[in-house]
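Going by the working numbering, the sequence shown opens with residue 1, and the numbers climb by one from there.
As structure tokens, the structure follows; a few thoughts come after it.
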Amino acid sequence: MKKAKKSIPEPMQYAAKKSFFSAKEIIFRSNGRAKVFTISSKMQVIFLFLVVFVGVWSFYYYHMYHRSDMIIVKKNNELIATRDAYVDLMGDFVTLQGNIADMIKTLDNAKTSELNLGQYQKQAALVEDKIKQITTQVKWINTEKLAEKANMNEISLQRDIAISERDQLREQLIELQKTVEDIKEAEAEILERVAKISEKEIGKIKSAVKAINVPLKKKGLYFNALANDKRKAGSGGPYIPEDNSFLQDKEVSEKVSRIFKAADDLEYYREVMSSVPIGKPVWSLWVSSSYGRRTDPFKKTKAYHKGVDLAGRTGNKIKVMAKGKVTRAGTASGYGNLVEVDHGNGFKTKYGHMHKIYVKKGQYVEAGDVLGEVGSTGRSTGPHLHYEILYKGHDVDPMPFMKAKIS
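Here is the structure:
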């Protein structure tokens, strides 16, 4: 019996690989019946697109929601900071307005001779700097804070609230800027008054310089206050605030420059004139002997008198008329008890026939300090002060110096 041959299976047949989006069938069985639903490739693609779209949209909405919430918190904090800045600015303005009112009141009521213009110049400069700071803060609020408020377009209800707050704040800032302008005008008024007072005081000083130059010219001399050593050696000039919005206008800048220059010139003139012996050094009954040629009280012949004799009572106080350094304090031939003071800028003064001397050689004195007492020591016929003024080594007539006034 022949063995049967084993059948060799044919090569396995593999179905072709189907697409991911190939048609799908869904079978539902109910009560022994089957229903088949076919989902085409196109429907599968559309469904997948919708799922992806919903997912992306949900993520975007979630992200924007939290981002908007953070923006709202940030803007609210900045709005609070802006309000605080506004309150601070208004406080500064109240203080400034009070200071300006006090300055104007003082300028109106005080005598010009008693004004400390240097102090007012410094106060005006402080007001100028304060306005600069406030103007900078206002610009900061206007540009930074309000600009950021305007960028809240993606927020609906919160945005409307922010816009309302922003508009209210903008109105406050407009009012604040108007107050800045009012303060600037008040400051300009103060500076203008200071300038007028400065120019008036400079006019008095120039008149005094003109008067004392009358006797100097007779000796071939001339005192030029603008050419003294202090201005040559010193440095400076009028104070003009740098980078200030108040000075951006050319006309205003020139006006402010003139105002500060006038105050600076007055300060300079006063410093120069502090070394010029202006005024009467002692209370006297009369001028018992004038400067120049006279009849000598002892020899009864014509003689030259280097100063003036101011008759007074023994013990009357003798005051120095300008600051300086005592270069001599003691007895001198013909003068009796003598004090000599070097005032600088070429000026010296001598005080003779004194009863008592209160100062010592090398001592520095200020205008109004008492040097001693009227007496009758030395070559004298009675109690009086022999008073001499020298300029660059030449004696000059003291009378124009005693009559001149700078205040």
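Positions of the beta carbon are idealized from the N, C-alpha and C atoms, including for glycine.
A quick note: this is a predicted structure, and the numbers were derived from the prediction, not measured.
* Closer than 8 angstroms, CB to CB, is Q44 near chain C or not? -> Absent from the structure: chain C. Only one protein chain is present.
* To do: Count the other C-beta atoms from every protein chain shown that fall within 10 angstroms of the C-beta of I26, then say buried if there are 16 or more, exposed otherwise.
  => Position 26 of the sequence shown, counted from the start, is the residue given in the question as residue 26. Its Cβ having fewer than 16 others within 10 Å, I26 is exposed.
* Asked: Helix, strand or coil: how does DSSP classify H384 here?
  -> If you number the sequence shown from 1, residue 384 lands on position 384. Strand, per DSSP.
* CA-to-CA distance, L371 to N316, given in whole angstroms -> In the sequence shown, counting from the first residue as 1, residue 316 sits at position 316. In the sequence shown, counting from the first residue as 1, residue 371 sits at position 371. So the alpha carbons of these two residues sit roughly 11 angstroms apart.
* Coil, strand or helix - M321 by DSSP -> Within the sequence shown, numbered from 1, the residue matching residue 321 stands at position 321. Three-state DSSP puts M321 in coil, outside helix and strand.
* Through-space distance from R328 to E340, alpha-carbon basis -> Walking along the sequence shown from the start, residue 340 turns up at place 340. Walking along the sequence shown from the start, residue 328 turns up at place 328. Those two C-alpha atoms are separated by around 5 angstroms.
* Closer than 8 angstroms by C-beta to G292: which residues in its own chain qualify, once you throw out the five before and the five after it? Chain order, please. => Within the sequence shown, residue 292 is the residue found at index 292, counting from 1. The answer, listed in chain order, is Y304, H305 and D397.
* **Those runs of the beta strand (DSSP E) which lie wholly inside the segment 342 to 394 and span at least 3 residues** => Entirely contained in the segment 342 to 394, the beta strand (DSSP E) runs reaching 3 residues are, in chain order, 347 to 352, 354 to 357, 370 to 374 and 384 to 391.
* Asked: Alpha carbon to alpha carbon, what distance is there between L390 and Y364?
  -> Within the sequence shown, residue 364 is the residue found at index 364, counting from 1. Within the sequence shown, residue 390 is the residue found at index 390, counting from 1. Their backbone Cα atoms lie some 18 angstroms apart in a straight line.
* Asked: Within 10 angstroms of its Cβ, does Y335 collect 16 or more other Cβ (buried), or is it exposed?
  -> For this step, residue 335 is matched to residue 335 along the sequence shown. Per the 10 Å Cβ criterion, buried.
* Presumed contact (8 angstroms Cβ cut-off) between S288 and H343, rounded CB distance -> For the purposes of this step, residue 288 is identified with residue 288 of the sequence shown, where counting begins at 1. For the purposes of this step, residue 343 is identified with residue 343 of the sequence shown, where counting begins at 1. About 25 angstroms separates the two Cβ atoms, so there is no contact after all.
* To do: Going by DSSP, name the residue or residues bridged to Y304.
  => As a first step, residue 304 must be located in the sequence shown, where it is residue number 304. Answer by DSSP bridge pairing, in chain order: R293.
* Inter-residue spacing [alpha-carbon to alpha-carbon] between S40 and I46 -> One-based indexing of the sequence shown puts residue 40 at position 40. One-based indexing of the sequence shown puts residue 46 at position 46. Using only the alpha carbons, I get a separation of about 10 angstroms.
* **K403, enclosing alpha helix (DSSP H) - first and last residue** => To locate residue 403, count along the sequence shown from 1; it is residue 403. That run of the alpha helix (DSSP H) goes M399 to K403.
* Using the Cα positions of V282 and E181, report the straight-line distance between them to the nearest angstrom. => Reading the sequence shown from its first residue, position 282 is the one you call residue 282. Reading the sequence shown from its first residue, position 181 is the one you call residue 181. In a straight line, the C-alpha of V282 is about 52 angstroms away from that of E181.
* Straight-line CA distance for L285 to L385? -> Numbered from its first residue, the sequence shown carries residue 285 at position 285. Numbered from its first residue, the sequence shown carries residue 385 at position 385. Their Cα atoms are separated by approximately 11 angstroms.
* To do: Please list, in chain order, all residues of the same chain as A332 whose beta carbon is under 8 angstroms from its beta carbon, the five residues on each side excluded.
  => Reading the sequence shown from its first residue, position 332 is the one you call residue 332. So the list reads L338, G352 and G378, once near-sequence residues are dropped.
* Asked: Among E388, G393 and E189, which residue has its Cα nearest to the Cα of K219?
  -> The residue given as residue 219 occupies position 219 in the sequence shown. Selected option, being the one with the closest Cα: G393.
* Straight-line CA distance for S207 to K178? -> Residue mapping note: residue 207 aligns to position 207 of the sequence shown, counting from 1. Residue mapping note: residue 178 aligns to position 178 of the sequence shown, counting from 1. Distance between the alpha carbons of S207 and K178 is about 43 angstroms.
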